[in-house]
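Peer 1: Take this structure, written in structure tokens, and hold onto it; I'll ask about it next.
Number of protein chains: 2
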Amino acid sequence: MIEVIIIGGGNVARHLAQAILESDGIQLVQIYNRTLQTIEDFKNKTSITDHIKALKKAGIYIICVSDQAIAGISEQLPQNNSLVVHTAGGVDMEILNKHRNMGVFYPLQSFSKDRKINFNEVPIGIEANTPENEALLQQLADGLQNKYFLIDSNQRKKLHIAAVFVNNFVNHLYYIGQDICKKNNLDPAILNPLIQETAQKTVPMNPLDAQTGPARRGDTITVKNHLKKLTGINKEIYKLLSQSIADTYGKKL
Amino acid sequence: MIEVIIIGGGNVARHLAQAILESDGIQLVQIYNRTLQTIEDFKNKTSITDHIKALKKAGIYIICVSDQAIAGISEQLPQNNSLVVHTAGGVDMEILNKHRNMGVFYPLQSFSKDRKINFNEVPIGIEANTPENEALLQQLADGLQNKYFLIDSNQRKKLHIAAVFVNNFVNHLYYIGQDICKKNNLDPAILNPLIQETAQKTVPMNPLDAQTGPARRGDTITVKNHLKKLTGINKEIYKLLSQSIADTYGKKL
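Residue numbers (our numbering), protein chains in the order written: chain H, 1 to 253; chain P, 254 to 506.
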């Protein structure tokens, strides 16, 4: 039985805690958060605390806090044989090097508070400082029924950047598209089938082959017409992304 | 029974032709394309031709050709009482004004050649020069079991721009994200659950509320770290989109 303590009360912490509670073979010993209220809904399911010095013992401590808070938490955790990991995409494993056993357990997903996710569909990037610790994290992923992949800190930072492109930036483009609809008295929901198809197409098709549209065709007239109707930063975004598409396919705009 | 002739052999033409063949109450009288070979696989299902002067008669002629070719086709079509429509997002209905009955039948979707789409899930933007023609196009959409919405040429052009943002640009960001993975020896498929979740989240959640990531948080340190690892146009895209997100949420980067 793997015993786990989760440090943090944010979206990753809560989704991970819930997944552990629903798993077989992994025990959620405790959740720590500096404000108890955030994690109060877990109080009938596990021990909760806001005293970091009063943490129980566990095989793995999973630090799920903001990037900037990881070092401080690591400093306050007891130095013993437990495995201490964080869950951040952009932070070196070495930040935990006060601990003999350290690693990273990076769930590659975007978690929102009010959005239920099937946690076991989230791929987990695993890194550890010894083969034994790596094996323990693989066992943790297996226990949660998650797919995992081994990844070092440098690769993980690059993967985090890739995730910013396909998640944060994509979501912002959804916002811009829907906003254009709203400003022209069109129901933004009419974009939904297009949004879903564009995403689903990436599974069987390479995005390089799936690309369509004026910039891909080198259709300068349409690109210019669109630019005339745009202003401000949306115009700059349109120009830059069209240029990038045209460059990718050797087209001139 | 609505009788339809399709002009064109590209992705929209082929998907629409197939949908008509599978519908009740709409008859595909003929498909025209300047090269017969492209539409040869339809020859046992309907009449095909490459002689535009030898077109049969039909209630609706649907011009599904590139934006630049629409005017030329319209010019060559017989002037009679048939309804002539095009399917383009960015072209005025008035381009067809040689014809007494004209309109637009704009399927809001991105069609790829080797990708099967449930055409009846595609929302159709309808415009026509008379209420009678509008009603006929509504009947056509109903016959195909498609949802439709009424939209004038100006709104349609704006919608086309919105579609470029949520489809063409999004797909290009998928390409960049997957490319970063490949260049760092990571399987690009690990981004898939994140891509799908980001898209699916837009249905119940407003993208404005769903936004996460360093720019949204005003996390200047992470943004700077990411920019250090990027070069060329990807770096410019990262900078501009992060700026746009930060502006949207009143954050400073």
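Ideal Cβ placement from N, Cα and C applies to all residues, glycine included.
In chain H, which residues lie with their C-beta within 8 Å of the C-beta of P:Cys434?
Peer 2: Result: Lys158, Leu159 and Ala162.
Peer 1: State buried or exposed for P:Thr340, treating a residue as buried only when at least 16 other CB atoms are found within 10 Å of its CB.
Peer 2: Buried, since its Cβ has 16 or more Cβ neighbours within 10 Å.
Peer 1: Alpha carbon to alpha carbon, how far is P:Leu506 from P:Gln496? Give it in angstroms, no decimals.
Peer 2: Computed Cα separation, rounded: 7 Å.
Peer 1: Would you please verify whether the beta carbon of P:Glu387 is less than 7 Å from any beta carbon of chain H?
Peer 2: No - not a single Cβ of chain H is within 7 Å of the one on P:Glu387.
Peer 1: Just to confirm the assignment, what range does the beta strand (DSSP E) spanning P:Asn382 have?
Peer 2: Element bounds for P:Asn382: n/a, residue is neither H nor E.
Peer 1: Count the CB pairs spanning the stretch 409-427 of chain P and the stretch 169-179 of chain H that are closer than 8 Å, and state whether there are at least three.
Peer 2: They touch, by the three-pair rule.
Peer 1: My assumption, with CB atoms under 8 Å, is that P:Leu269 sits in contact with P:Ile259. Please give the rounded CB distance.
Peer 2: That pair is a contact at about 6 Å.
Peer 1: Please check the pair P:Glu385 and P:Ser406, which I expect to be a contact at CB under 8 Å, by giving their CB distance rounded to whole angstroms.
Peer 2: Going by Cβ atoms, the distance from P:Glu385 to P:Ser406 rounds to 19 Å, so no, they are not a contact pair.
Peer 1: Among P:Leu403, P:Met355, P:Cys317 and P:Phe295, which has the Cα closest to the Cα of P:Ala266?
Peer 2: Comparing Cα positions, the closest option is P:Cys317.
Peer 1: Out of curiosity, what's the CA-to-CA distance linking P:Ile284 and P:Asn399?
Peer 2: Rounded to whole angstroms, P:Ile284 to P:Asn399 spans 21 Å at the Cα level.
Peer 1: So the beta strand (DSSP E) P:Asn478 belongs to, where does it begin and stop?
Peer 2: Segment Thr473 to Lys482 is the alpha helix (DSSP H) holding P:Asn478; no beta strand (DSSP E) there.
Peer 1: Does any residue of chain H have a CB that is nearer than 7 Å to the CB of P:Asn479?
Peer 2: Here residue 479 of chain P is His; the residue named in the question, Asn, does not match the sequence. For P:His479, the answer is yes, since a Cβ of chain H falls inside 7 Å of its Cβ.
Peer 1: So within the stretch 16-85 of chain H, which uninterrupted beta strand (DSSP E) runs reach at least 3 residues, ignoring any that extend past its ends?
Peer 2: Listed in chain order, the complete beta strand (DSSP E) runs (minimum 3 residues) inside the stretch 16-85 of chain H are 26-32, 47-49 and 60-63.
Peer 1: If you measure beta-carbon to beta-carbon, which residues of the stretch 449-464 of chain P are closer than 9 Å to chain H?
Peer 2: Residues passing the 9 Å Cβ filter: Gln449, Glu450, Thr451, Ala452, Gln453, Lys454, Thr455, Val456, Pro457, Met458, Asn459, Pro460, Leu461, Asp462, Ala463 and Gln464.
Peer 1: If we call anything under 7 Å between Cβ atoms a contact, is H:Pro193 one with H:Gln178?
Peer 2: The answer is no: Cβ separation not under 7 Å.
Peer 1: Could you check which residue in P:Lys351, P:Arg353 and P:Tyr359 has the C-alpha nearest to that of P:Val344?
Peer 2: Of the candidates P:Lys351, P:Arg353 and P:Tyr359, the one whose C-alpha sits nearest the C-alpha of P:Val344 is P:Tyr359.
Peer 1: Nearest CA to the CA of P:Lys298: which residue from P:Gln408, P:Glu275, P:Tyr427 and P:Asn459?
Peer 2: Ranking P:Gln408, P:Glu275, P:Tyr427 and P:Asn459 by Cα distance to P:Lys298 puts P:Glu275 first.
Peer 1: H:Asn168 CB to nearest chain P CB: under 7 Å?
Peer 2: So yes, H:Asn168 belongs to the interface.
Peer 1: Under 7 Å between beta-carbons, which chain P residues line up against H:Thr38? List them in chain order, please.
Peer 2: What H:Thr38 touches in chain P: nothing, since even the nearest Cβ is about 17 Å away.
Peer 1: My assumption, with CB atoms under 8 Å, is that P:Leu397 sits in contact with P:Asn373. Please give the rounded CB distance.
Peer 2: With a Cβ gap of about 6 Å, P:Leu397 and P:Asn373 count as contacting.
Peer 1: Do H:Gln196 and P:Ala452 have their beta-carbon atoms positioned less than 7 Å apart in this structure?
Peer 2: Yes. Within cutoff.
Peer 1: Using the beta-carbon of each residue, which ones in chain P are nearer than 8 Å to H:Arg216?
Peer 2: Ordered by position in chain P, the residues that pass the 8 Å Cβ test against H:Arg216 are Asn421.
Peer 1: Taking 7 Å as the cut-off, decide whether the C-beta atoms of H:Ile161 and P:His479 are in contact.
Peer 2: Cβ distance < 7 Å, so H:Ile161 and P:His479 count as in contact.
Peer 1: Along the beta strand (DSSP E) that carries H:Tyr148, what are the first and last residues, could you check?
Peer 2: Per DSSP, H:Tyr148 belongs to the beta strand (DSSP E) from Tyr148 to Leu150.
Peer 1: According to the Cβ coordinates, are H:Leu77 and H:Tyr61 closer than 7 Å?
Peer 2: Yes, the Cβ-Cβ distance between H:Leu77 and H:Tyr61 is below 7 Å.
Peer 1: Considering only the beta carbon of each residue, do H:Pro214 and P:Tyr428 sit closer than 7 Å?
Peer 2: Result no, Cβ atoms of H:Pro214 and P:Tyr428 do not sit closer than 7 Å.
Peer 1: Cβ of P:Gln408 within 7 Å of Cβ of H:Asn184?
Peer 2: Yes, Cβ-Cβ distance for P:Gln408 and H:Asn184 is below 7 Å.
Peer 1: Starting from P:Glu256, trace the beta strand (DSSP E) both ways and give me its first and last residue.
Peer 2: Element bounds for P:Glu256: Ile255 to Ile260.
Peer 1: Looking only at C-alpha atoms, which of P:Glu293, P:Asp277 and P:Val257 sits nearest to P:Gly263?
Peer 2: Per the Cα distances, P:Glu293.
Peer 1: From the DSSP secondary-structure annotation, give me the bridge partner or partners of H:Gly103.
Peer 2: In DSSP, H:Gly103 forms a bridge with H:Val85 and H:Ala128.
Peer 1: Let me know if H:Pro123 comes out buried or exposed under the rule of 16 or more other beta-carbons within 10 Å of its beta-carbon.
Peer 2: Flag for H:Pro123 reads buried.
Peer 1: Would H:Glu127 pass as an interface residue toward chain P - the criterion being a Cβ-Cβ separation below 7 Å?
Peer 2: Closer than 7 Å: no.
Peer 1: Just reading off the alpha helix (DSSP H) that H:Asn234 is part of, what are its end residues?
Peer 2: Looking at the DSSP string, the run of the alpha helix (DSSP H) that includes H:Asn234 is Gly232 to Thr248.
Peer 1: Along the chain, where does the alpha helix (DSSP H) containing P:Ala468 start, and where does it finish?
Peer 2: That run of the alpha helix (DSSP H) goes Pro467 to Arg470.
Peer 1: Roughly how many angstroms separate the alpha carbons of P:Thr484 and P:Val357, rounded to a whole number?
Peer 2: Near 43 Å, if we compare the C-alpha coordinates of P:Val357 and P:Thr484.
Peer 1: Can you name the residues of chain H whose CB is closer than 8 Å to the CB of P:Asp320?
Peer 2: Simply Asp219, Ile221 and Thr222.
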